[in-house]
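> Following this message is one structure expressed as structure tokens.
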Amino acid sequence: MFTRKSDFFFLFIAVNLCALLLFFLHDVVVHGNVQTSLREKSEMVERLGLTDLCLFTDARYTRHPAMADLNTPFQDHPTALEHFPSGTLEGPPLHLRSK
Amino acid sequence: MRLLNRQRNIIDFTLSSLLRRKRKNTALVLVYTLVVFGLASVIFSTQALKHEACSILQKSPEVVIQRVVAGRQELIPASYIDKVKDIRGVQSAQGRFWGYYYDSTVGANYTLMVSNEPSGAEGSMVIGKGVARTLHAEKGDIVPFRAYDGSIVTLQVGYILSVQSELVSSDLVLLTENDFRQITGVPKGAFTDIAVMARNPKELTIIAEKIRRLFPDTRPIIKDDILRTYETIFDWRGGILLVILAGAMLAFVILAWDKASGLSSEERKEIGILKGIGWETSDVILMKFWEGVVISLSSFLLGCVFAYVHIFFASSALFEPVLKGWSVLYPQFRLKPYIDPLQIATLFSLTVIPYTVATIIPSWRAATMDPDSVMRL
Chain A
11 MFTRKSDFFF LFIAVNLCAL LLFFLHDVVV HGNVQTSLRE KSEMVERLGL
61 TDLCLFTDAR YTRHPAMADL NTPFQDHPTA LEHFPSGTLE GPPLHLRSK
Chain B
4 MRLLNRQRNI IDFTLSSLLR RKRKNTALVL VYTLVVFGLA SVIFSTQALK
54 HEACSILQKS PEVVIQRVVA GRQELIPASY IDKVKDIRGV QSAQGRFWGY
104 YYDSTVGANY TLMVSNEPSG AEGSMVIGKG VARTLHAEKG DIVPFRAYDG
154 SIVTLQVGYI LSVQSELVSS DLVLLTENDF RQITGVPKGA FTDIAVMARN
204 PKELTIIAEK IRRLFPDTRP IIKDDILRTY ETIFDWRGGI LLVILAGAML
254 AFVILAWDKA SGLSSEERKE IGILKGIGWE TSDVILMKFW EGVVISLSSF
304 LLGCVFAYVH IFFASSALFE PVLKGWSVLY PQFRLKPYID PLQIATLFSL
354 TVIPYTVATI IPSWRAATMD PDSVMRL
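Chains as they are written, first to last, in the numbering used here: chain A, 11 to 109; chain B, 4 to 380.
See the structure below:
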């Protein structure tokens with residue numbers, strides 16, 4: 011069936027495109043489970059009054075960036091450099107950028 | 004049909020030509036795939052995180068009032084609550100107790116929080132999955148906490164919060180008000196902050212302004228600020244993401260420059276022979292166009308597929324050491340798959356198009372020259 015090199019190339023592209031398409035559909039397929047999990051998390055946020063995601067637990071301003079002090083970038087001394095690795099992954103919170 | 008056949012013939016020839024330089028092209032595809040993989044992984048994870056954060060945190064308190072002393076958050080007096088309740092538009096105001104606890108035995112930070120979770124009895128607590136994993140604790144286990152005055156407070160694990168909620172609850176230790184006060188030393192009549200709910204969410208800014216005027220030592224944080232923080236926190240311009248992006252883009256520029264600045268003598272010779280046996284300049288350009296497409300499109304698709312599997316099926320396993328940082332307690336979560344077609348289109352236009360164009364330009368230069376002189380170069 012596949013005798014030419016171009017056939018294999020098109021097959022390869024088609025397989026990859028199908029994989030990407032399936033990934034788009036994956037969202038729909040797992041929708042039920044995801045919705046349950048999202049609902050559970052949302053309910054917990056409402057019940058406990060949570061304000062932040064638990065992504066980085068090494069510093070308080072990376073654990074709760076939305077609640078971070080306004081002086082966070084210089085919390086140790088006025089010219090302090092960020093020393094927590096997760097601080098380089100997160101950008102500064104919006105309220106610090108706009109000041 | 005004839006046009007299609009012509010294209011297929013040229014693709015066949017292009018693939019044979021690429022296979023003649025198998026090692027070089029395989030290495031090129033590998034590096035290219037790796038660059039796309041890195042970029043796509045960053046895009047997928049940041050987009051999914053932003054999307055998830057914005058949908059979960061919709062239920063956050065509408066306004067959180069912090070008291071600020073010397074630039075730091077301080078405990079807020081309970082007397083503020085009644086005055087806040089009197090503000091027109093405020094539906095409820097409730098003091099919250101929460102804080103951090105550093106467990107020196109395992110080197111992990113927990114978030115202590117007072118809650119009326121089901122067990123609710125003094126001496127018992129509810130813990131997040133991350134805390135249970137770090138402490139190897141199970142339901143019914145007794146966990147000692149070192150209180151602010153040096154005494155030991157022991158709490159029994161009532162139950163462990165579900166794995167599904169780990170993204171918001173991994174490091175939580177939920178306990179009663181009395182246990183919280185015993186461990187942290189927070190005096191009676193004081194809270195960590197105040198959570199306010201408004202009758203009309205459109206009035207939040209006005210309520211926040213009124214609170215600021217009434218209590219100049221406070222900082223009201225409205226829900227929109229929280230949501231916007233998460234929208235911008237993993238911004239492409241931020242921290243290491245910028246470094247990854249800049250590095251990858253620089254690598255592309257070098258690659259494109261190398262391609263655009265000239266062809267190898269073997270490639271020139273090939274173009275000369277093709278011209279010599281009667282290929283038109285347009286045929287040569289078409290062949291080089293397909294060469295660019297074969298390499299860049301294959302790498303792009305492979306990179307995207309691997310990135311998706313990496314982020315949504317393997318829980319960003321390769322990023323974990325970077326994401327963990329110095330955290331001893333790190334949540335294990337699976338992100339909800341979310342792909343923004345615009346991001347894919349941007350990645351496509353940043354990777355496939357420049358490479359394909361960069362491949363055509365030098366070929367066009369060589370193809371417009373005399374075949375004899377090209378072969379002699």
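Here a beta-carbon is modelled for each residue, glycine too, at the ideal position from N, C-alpha and C.
All values reported here derive from a predicted model rather than from experimental measurement.
Starting from T221 of chain B, follow its DSSP beta bridges and name the residues at the other end.
According to DSSP, which records beta bridges pairwise, T221 of chain B is partnered with B:R70.
> Measure the alpha-carbon distance for V67 of chain B versus R216 of chain B and round it to whole angstroms.
Approximately 15 Å, taken between the alpha carbons.
> Report the rounded CA-to-CA distance for R73 of chain A versus L63 of chain A, giving the unit in angstroms.
Whole-angstrom Cα-Cα distance: 7 Å.
> Please report the straight-line C-alpha distance between K86 of chain B and R149 of chain B, rounded to a whole angstrom.
In a straight line, the C-alpha of K86 of chain B is about 35 Å away from that of R149 of chain B.
> How far does the beta strand (DSSP E) with K177 of chain B in it extend, from its first residue to its last?
Note that residue 177 of chain B is Leu in the sequence shown here, rather than Lys. Counting along the chain, the beta strand (DSSP E) containing L177 of chain B begins and ends at 175-178.
> Assess contact between the region 330-349 of chain B and the region 155-175 of chain B, defined as three or more Cβ pairs (one per stretch) separated by less than 8 Å. Is contact present?
A contact exists between the region 330-349 of chain B and the region 155-175 of chain B.
> Among B:Y311, B:S318, B:D286, B:Q346, which one has its Cα closest to the Cα of R11 of chain B?
Ranking B:Y311, B:S318, B:D286, B:Q346 by Cα distance to R11 of chain B puts B:D286 first.
> When the cut-off is 8 Å and only beta carbons count, does T13 of chain A lie next to chain B?
Judged by the 8 Å Cβ criterion, T13 of chain A is not in contact with chain B.
> Roughly how many angstroms separate the alpha carbons of C307 of chain B and N203 of chain B, rounded to a whole number?
Those two C-alpha atoms are separated by around 44 Å.
> Chain B partners of L64 of chain A, CB-CB under 8 Å?
Here residue 64 of chain A is Cys; the residue named in the question, Leu, does not match the sequence. What C64 of chain A touches in chain B: T114, G131, G133, E169, L170, V171, S172, S173, D174, L175, P334.
> Just the chain A side, please: which residues come within less than 8 Å of R99 of chain B by C-beta, in chain order?
What R99 of chain B touches in chain A: G59.
> Determine the direct distance from the alpha carbon of D373 of chain B to that of K291 of chain B, and round the result to whole angstroms.
Approximately 18 Å, taken between the alpha carbons.
> Would you please state the rounded distance, in angstroms, between the beta carbons of L115 of chain B and L178 of chain B? I believe it to be under 8 Å.
Yes, L115 of chain B and L178 of chain B are in contact; Cβ-Cβ is about 7 Å, under 8 Å.
> Examine chain B for any beta-carbon lying closer than 8 Å to the beta-carbon of A24 of chain A, and answer yes or no.
For A24 of chain A, the answer is no, since every Cβ of chain B falls outside 8 Å of its Cβ.
> Taking C-beta pairs closer than 8 Å, name the residues in chain B that L27 of chain A reaches, listed in chain order.
Per Cβ cutoff of 8 Å: L304.
> Among B:A193, B:S107, B:E206, which residue has its Cα nearest to the Cα of A81 of chain B?
Nearest of B:A193, B:S107, B:E206 to A81 of chain B, Cα basis: B:A193.
> Below 8 Å between beta carbons: does that hold for Y35 of chain B and I276 of chain B?
Cβ atoms of Y35 of chain B and I276 of chain B: not closer than 8 Å.
> Please determine, among B:A96, B:I46, B:I13, the residue with the shortest C-alpha to C-alpha distance to F322 of chain B.
Closest by alpha carbon: B:I46.
> For I197 of chain B, which residues does DSSP report across the bridge?
Answer is B:I68, B:G98.
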